[in-house]
Ligand code: ADP
Ligand code: MG
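In our numbering, the protein residues as written are 23 to 377.
If you want it as structure tokens, here you go:
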């Protein structure tokens, strides 16, 4: 059987079935943003790993090495944030092809450590190898969680309200601009002006590109949400809202209704609607790599959530049954199938793409 017949998540399901039995200290195994293992009565370790491959996850023709290091750290810390944990340590394994210089690797670690420093997290080890083809980056992040406050994908219940932090779709729009060479901008891809703008984005274009190249993991927000005790399920938005919501629904055995015009789109994204190739909602639903948090709250705890004063938007609710639907402004309801990024998807393009 071909792997594309199963797809990424079908294959992970197969791997999961090959695990003989979870030991009693494994609180959460395969299937969530991070694994949780009990290492003593009072300590739970959160562990997650993510690989970034050249030509699949990043394109060196428009990605600088500082941003690449930053993003490699960010996507891993985001999974710790999605469990409500505190990141502590990281390990990096690199497969480096011919043609990559010492200066570029140094720049990668400058970016990596800059992101870690923001979250008081430390690089403590890794592995370094030669790669015959393409740059391979694998990062493992370790964090701590309060055993009674860890939030999984499995706790959503019918009637719960659905929330998201920040705004969605910017990263995918930024990637589209980068792939198109940002022709509409006076500073093209790779120009010094655009590179320095990533640090301090001013225009809408620069903001979208910065969101794609240097995402920020919502560690403090995830922690606050978990400690407040008002969140029943949570996931970080790495593949796209439609796909990541499907993961919560699958694990929680529920459905969901999303109200289309409640999905938060930033002013920068709205400003670029004339330049971008697709309707804005597509970037939010299918784009991915926003690294915002998607979470559910029981109606009785919504007041408590509001008291946290976090930048969150209510975008829908959890339903019984298994269908995820999108409700349009006229009240029409359509099933929403997962259209975010999936490895091995039939007919998929090599780079992260939007349907
Ligand atoms: P995320 O998008 O949050 O990083 P993934 O979709 O990559 O999560 O993975 C979903 C779950 O499957 C996670 O619990 C992850 O640890 C697990 N997983 C993915 N690939 C493998 C693998 N090859 N072996 C074991 N577990 C895996
Ligand atoms: Mg995740």
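Ideal placement from N, C-alpha and C gives every residue a C-beta, glycine not left out.
| query | result |
| --- | --- |
| CA-to-CA distance, residue 70 to residue 2, given in whole angstroms | Lying outside 23 to 377, the shown extent of the chain, residue 2 is not represented and no answer is given. |
| Proximal residues to residue 90 (C-beta, below 7 Å), its chain only, five neighbours per side dropped | 80, 130 and 133 |
| Where residue 58 falls: helix, strand or coil (DSSP) | strand |
| Whole alpha helix (DSSP H) elements within the region 106-171, 4-residue minimum | 124-140 |
| Cβ pair residue 183, residue 318 closer than 8 Å | yes |
| Nearest-residue set for the ligand MG, Cβ under 7 Å from any heavy atom | 55, 100, 101, 104, 257, 258 and 260 |
| Residues bridged to residue 338 (per DSSP) | 184 and 280 |
| Buried/exposed call for residue 269, threshold 16 Cβ in 10 Å | buried |
| Inter-stretch contact (C-beta, 8 Å, three-pair minimum) for the region 138-155 and the region 243-263 | no |
| DSSP-derived helix/strand/coil call for residue 321 | helix |
| Validate contact between the region 163-178 and the region 283-299 using beta carbons, cut 8 Å, 3 pairs | no |
| Extent of the continuous beta strand (DSSP E) run through residue 258 | 253-258 |
| Check whether residue 256 and residue 247 have beta carbons under 8 Å apart | yes |
| 8 Å contact criterion, which residue 280 and residue 343 should meet: CB distance rounded | Going by Cβ atoms, the distance from residue 280 to residue 343 rounds to 15 Å, so no, they are not a contact pair. |
| Distance CB(residue 405)-CB(residue 55) smaller than 8 Å | Not covered by the structure: residue 405. The range shown for the chain is 23 to 377. |
| Segment contact flag, the region 351-363 with the region 289-296, C-beta cutoff 8 Å, min 3 pairs | no |
| Simplified DSSP assignment, three categories, for residue 78 | coil |
| At least 3 beta-carbon pairs within less than 8 Å: the region 321-332 vs the region 177-192 | yes |
| Cβ-based burial, residue 37 [other Cβ within 10 Å; buried from 16] | exposed |
| Residue 161 to residue 98 span [Cα, whole Å] | 7 Å |
| Own chain residues within Cβ distance below 8 Å of residue 364, not counting five before or after | 29, 30, 31, 261, 265 and 370 |
| Span of the beta strand (DSSP E), counted from its first residue to its last, around residue 50 | 48-50 |
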